[in-house]
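Shown next, in structure tokens, is the structure this report addresses.
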Amino acid sequence: MKKWMVILVAAALLAVLSAGCGSNSGSNSSTGSQAPSTGEASGEKKQLKIALLLPGPINDMGWNASAYEGLKQAEEKYGASVAYVENVAQSDMEENFRGFALQGYDLIIGHGFQFGDAAMKVASQFPNVKFVVTSSNISQAPNLASVNIDNEMQGFVMGAVAALLTKSGTVGAIGGEQIPPIVGSVEGFEKGAKYINPHIEVLTAYTGNFNDVNKAKETALAMIAQGADIIMANANQAGLGSIQACQEKKVLAIGSNMDQNPIAPDTVVVSVIKSVPVLISYVVDLIYNNEFEAKFYNLGVKEGAVYLSPWHGFEDKIPQDVKDRVAGILKDLEEGKLDIQQYK
Amino acid sequence: MTDFLKELTNFLAADVRTAVPLLLAATGLIFSERSGIVNIGAEGMMLIGALAGVAGSYFLGHAWMGVLVAALVGVLLGLLFGFLVVTARASQIVIGAAFNLLGLGLTTSLARVIFGVNTSPPPIDAFKPVAVPGLSRIPVLGEVIFHQTQLTYLALVLVPVTYFILFKTTLGLKVRAVGEYPRAADTVGINVYRIRYGASMVCGMFCGLAGAYLSLSLLNFFTENMTAGKGFIALATVIFGKWNPFGVLGAALVFGAGEALQYRLQAAGANVPYQLLLMIPYLLTIAALAGFVGRAVPPASSGRPYVKE
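As you go down the protein sequences, you meet chains X and E in turn. When the letters of the first sequence are read in order and numbered with the working numbering, they come out as residues 1139 to 1482. When the letters of the second sequence are read in order and numbered with the working numbering, they come out as residues 77 to 385.
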């Protein structure tokens, strides 16, 4: 009896592990017309092998989901062979980097600044493999670079939109964990709102995690009770809770990272998208064009990494001058005429 | 003054909303712990209940059907748990931990199969606050207690019901006897295994309801790991409430108040590091356990498998 109990529990655990942290290697060997040859002399590109390490699940409708999308695009565009691992814990980062490096992957992307230390360690042992860490600013010659989307710029645009749309003069920004990309976005939001209206009241809060949907919802409800009439949440899947609070209380929400309008078409007025797909394809482009350098790439509106979603159902409800103003801000950011660092 | 009352009402309403999932899970845990089973797998069961509720409402088209599905799935989980720890006599802690992992892995996989990856949450029938005629007009309390969803009322009604069953009926006496001294209970003809199976299934049902409350009443969608540790706080709630339904109600409200306070302080721009505010509920737990409630004495045979001679 005892023995088969142990087997049963072990089996259950295994089933869970394979389901939960399942390393879904989606390496559909590409359907490229020609078998990838190694003939570099003939100018033919060999099939790139790209691996992506994610800190969360691919269906969070945010940070991880958009990276997954980028990976899929790279797969299609370049016929690259791709693999990904979800929910990579801090303690498993090194092993995951090393594992893919040993399997001969050309490019291994750690999706998030928290992969930095592990990448630096492993990169020095595999000089022929390119390592890239996103939302970080580290680099290490010859093979470790970081790419970042200018979070502050994204936040700035969201804050400016909020300030242009608020009627109460109070706007709210909710962050998940207090980590650099989230903090940058929340602080940028404050700057953007103040840029439009120096006297605006900006409420900010962090929920401390990305899972607790209800915490994000209650935080948004508390902000609405404080008078906020437009709220931005940058907290991965927990952000859905904030949008639901806005929907219930009939105030507006600003979407972050992805076009979140489909979640609540009557509530999400517009989203400021951080195009992680662009981030990933930018890196892959660099490698294909042999332009990869071990440095920090910071991408913004100019590179197409930050942009505004369509106004969807709000197209006719938002005054034209507001839309023009937003477009003007984006244009200034693109041309480098607007330096967000000077606003406090 | 009216501003203060309004703020107080908002605060207490948030308190109740936050307390109910803890209350439901903890009420179930009272049954199982009183019968001698410690179920640290409550978190996993809640998570499965949350998904079952959304799936039930999605496929069957009615929020109550979702609740029914969540409760049934909970009963089945309780049955499995009972089999593993009562009949197979596996370690309750190990099985509980396995259930938590199972809950996370299973719901993650199933949610993707059912709802797809990166699609907006599908519109489902969910509970909306229903005002109780008359009673909801009472200042402050009316809005706080009598303007909630049906599941909240159900959770509150189940508190005295649980108390009555546990302390005023023969069945309740049997449950408590089995948890305190199963051998003695056995010698007077109480079927220890049957009581423990039953308690485990009731516990599973309540955990399922707690999960459905999260996904159908507080919110109207499922996200991965949405319980975010509430199952564990429910375990602390049981200790804090001294294995008594009314004590647990009070404990859940204290935890809820800690959370609700924290939301407000942050939103109001209190100039305190937010990590300190996030600690409030947990500090309350420690403070309460350390002194306020006095010694918390668990049922004597809690956590021990019973071997019939």
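Just so it is clear, CB atoms sit at the ideal spot from N, CA and C, and this is done for glycine as well.
TODO: Step through the CB atoms of chain X and report whether any lies within less than 9 Å of the CB of glutamine 226 of chain E.
DONE: no
- [ ] Determine the burial state of alanine 1311 of chain X: buried for a count of at least 16 other Cβ atoms within 10 Å of its Cβ, exposed for fewer.
- [x] buried
- [ ] Figure out for me which residue from E/Glu256, E/Thr85, E/Leu329, E/Thr303 has the closest Cα to the Cα of valine 96 of chain E.
- [x] E/Leu329
TODO: Indicate the three-state DSSP secondary structure (helix, strand or coil) for phenylalanine 1235 of chain X in the structure shown.
DONE: helix
Task: Inter-residue spacing [alpha-carbon to alpha-carbon] between asparagine 1197 of chain X and lysine 1475 of chain X - done: 37 Å
- [ ] Please name the residues in the segment 339-363 of chain E whose beta-carbon is closer than 8 Å to at least one beta-carbon of chain X, in chain order.
- [x] Per Cβ criterion, the list reads Tyr339, Arg340, Gln342, Ala343, Ala344, Gly345, Tyr350, Gln351, Leu354.
Task: glutamine 351 of chain E burial status per 10 Å Cβ neighbour count (16 or more: buried) - done: exposed
Task: Residue span of the alpha helix (DSSP H) that contains glutamate 1473 of chain X, given as start and end - done: Segment: none, glutamate 1473 of chain X is in no alpha helix (DSSP H) and carries neither H nor E.
TODO: Please classify asparagine 1286 of chain X: does DSSP put it in a helix, a strand, or coil?
DONE: Three-state DSSP puts asparagine 1286 of chain X in a strand.
Task: 6 Å CB neighbourhood of glutamine 1479 of chain X in its chain, flanking five on each side removed - done: none
Task: Cross-strand partners of glutamine 224 of chain E (DSSP beta bridge) - done: E/Val206
TODO: Helix, strand or coil for asparagine 1266 of chain X, going by three-state DSSP, please let me know.
DONE: coil
Open item on the list: Output needed for phenylalanine 1253 of chain X: all residues of its chain with C-beta closer than 7 Å, excluding positions within five of it in sequence on either side, in chain order.
Closed with: Leu1191, Met1231, Val1271
Task: Interface partners of methionine 1361 of chain X on chain E, CB under 8 Å - done: Ala343
- [ ] Give me whichever residues DSSP pairs with alanine 1371 of chain X in a beta bridge.
- [x] X/Ile1312
TODO: Flag this pair as yes or no: are the beta carbons of leucine 1446 of chain X and valine 1295 of chain X separated by less than 9 Å?
DONE: Note that the C-beta distance between leucine 1446 of chain X and valine 1295 of chain X is below 9 Å.
TODO: Determine the contact status of glycine 1313 of chain X and aspartate 1288 of chain X, defining contact as a CB-CB distance below 9 Å.
DONE: no
Open item on the list: Just to make sure I have the definition right: I need the residues of chain E whose C-beta is within less than 8 Å of the C-beta of isoleucine 1401 of chain X. Which are they?
Closed with: Taking a Cβ-Cβ threshold of 8 Å, the residues of chain E close to isoleucine 1401 of chain X are Ser196, Pro197, in chain order.
Task: Residues that DSSP places opposite serine 1409 of chain X in a beta bridge - done: X/Gly1393
TODO: Within the same chain, show all residues whose beta-carbon is closer than 7 Å to that of isoleucine 1334 of chain X, passing over the 5 residues directly before and after it, in chain order.
DONE: Ala1298, Ala1301, Leu1302
- [ ] Name, in chain order, the residues that DSSP records as bridge partners for lysine 1440 of chain X.
- [x] Note: lysine 1440 of chain X sits in no beta bridge, so no partner.
- [ ] Find out if the Cβ-Cβ distance for the pair isoleucine 1411 of chain X, valine 1444 of chain X is shorter than 9 Å.
- [x] Contact check for isoleucine 1411 of chain X against valine 1444 of chain X passes: the beta carbons are separated by less than 9 Å.
Open item on the list: Strictly under 9 Å for the Cβ-Cβ distance: is valine 1270 of chain X near chain C by that measure?
Closed with: Judged by its chain identifiers, the structure shown contains no chain C, and its protein chains are X and E.
- [ ] Return the residue from the list X/Met1291, X/Val1464, X/Thr1357, X/Ile1456 that minimises the CA-CA distance to lysine 1305 of chain X.
- [x] X/Ile1456
TODO: Would you verify that the beta carbon of alanine 90 of chain E is, or is not, closer than 9 Å to some beta carbon of chain X?
DONE: At least one chain X Cβ lies under 9 Å of alanine 90 of chain E.
TODO: Tell me whether serine 1219 of chain X sits in a helix, a strand or coil according to DSSP, three-state version.
DONE: It is a strand residue.
Task: glutamate 1472 of chain X beta carbon less than 9 Å from that of glycine 1438 of chain X - done: yes
- [ ] For the segment 114-142 of chain E, enumerate the residues whose C-beta is nearer than 7 Å to any C-beta of chain X, in chain order.
- [x] none
TODO: Quick one: list the residues of chain E neighbouring aspartate 1350 of chain X, beta-carbon separation under 7 Å, in chain order.
DONE: Chain E residues near aspartate 1350 of chain X: Ala304.
Open item on the list: I believe alanine 1376 of chain X touches lysine 1353 of chain X by the beta-carbon criterion, under 8 Å. Please report the beta-carbon distance rounded to the nearest angstrom.
Closed with: 7 Å
Open item on the list: According to DSSP, simplified to helix, strand and coil, what is phenylalanine 298 of chain E?
Closed with: coil
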